[in-house]
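Mind the numbering: the sequence shown is residues 725 to 842 in my numbering, read in order.
Just so it is clear, CB atoms sit at the ideal spot from N, CA and C, and this is done for glycine as well.
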Amino acid sequence: MNFWETITGSDLTREWKAFEVRAAALPADYQAAWEKIKICLSPYSDFTGRNLMPIVDGVLGLLEETASDGQRVHEVLGDDIEGFCAALAGGEGARSYRDRWREQLNRNVARKLGRLGG
725 MNFWETITGS DLTREWKAFE VRAAALPADY QAAWEKIKIC LSPYSDFTGR NLMPIVDGVL
785 GLLEETASDG QRVHEVLGDD IEGFCAALAG GEGARSYRDR WREQLNRNVA RKLGRLGG
């Protein structure tokens, strides 16, 4: 990956397109689970989504392997896809982008109030 790809994010676009091609080869129930997984993982993303790329690649590999073994998606992921994604992203209670923004806002407000009061 070169500097320009990193700045523009074209490397991420290329990887996501490759993920989508791989996901399109999955059975229909796996494709539906894949769509839900993408939605459930998105709150745990950083600004660019680069932190989720290894996780998404691993999940897609798991789906491909279990689909080729003939397992049903329900056997693999269970009923709680949101919980599965939370565990992948760092466990229940993992910090989401909202948590990080809230903390940053609180720090900025505290800093401004400290300047005004001092």
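Residues near glycine 814 in its chain [Cβ-Cβ closer than 8 Å; skip 5 each side]: Within the same chain, and ignoring the five residues on either side of glycine 814 in sequence, the residues whose Cβ sits closer than 8 Å to its Cβ are Tyr768.
Exposed unless 16 or more other CB atoms sit within 10 angstroms - verdict on tryptophan 758: Taking all protein chains in view, the Cβ of tryptophan 758 is crowded by 16 or more other Cβ atoms within 10 Å, so the residue is classified as buried.
Rounded straight-line distance, which links the Cα of glutamine 755 to that of alanine 749: Distance between the alpha carbons of alanine 749 and glutamine 755 is about 8 Å.
At least three beta-carbon pairs within less than 8 Å, the region 824–836 to the region 788–806: Segments in contact, no.
8 Å Cβ shell around leucine 784 - same chain, five flanking residues per side excluded: Within the same chain, leucine 784 has close Cβ partners Phe743, Arg746, Ala747, Trp758.
Residue span of the alpha helix (DSSP H) that contains phenylalanine 808, given as start and end: Judged by DSSP secondary structure, phenylalanine 808 falls within the alpha helix (DSSP H) whose first and last residues are 805–812.
Span separating the alpha-carbon of alanine 810 from that of arginine 738: Looking at the two C-alpha atoms, the distance is approximately 25 Å.
Beta-carbon separation (whole angstroms), threonine 772 vs leucine 736, contact threshold 8 Å: Confirmed, about 7 Å.
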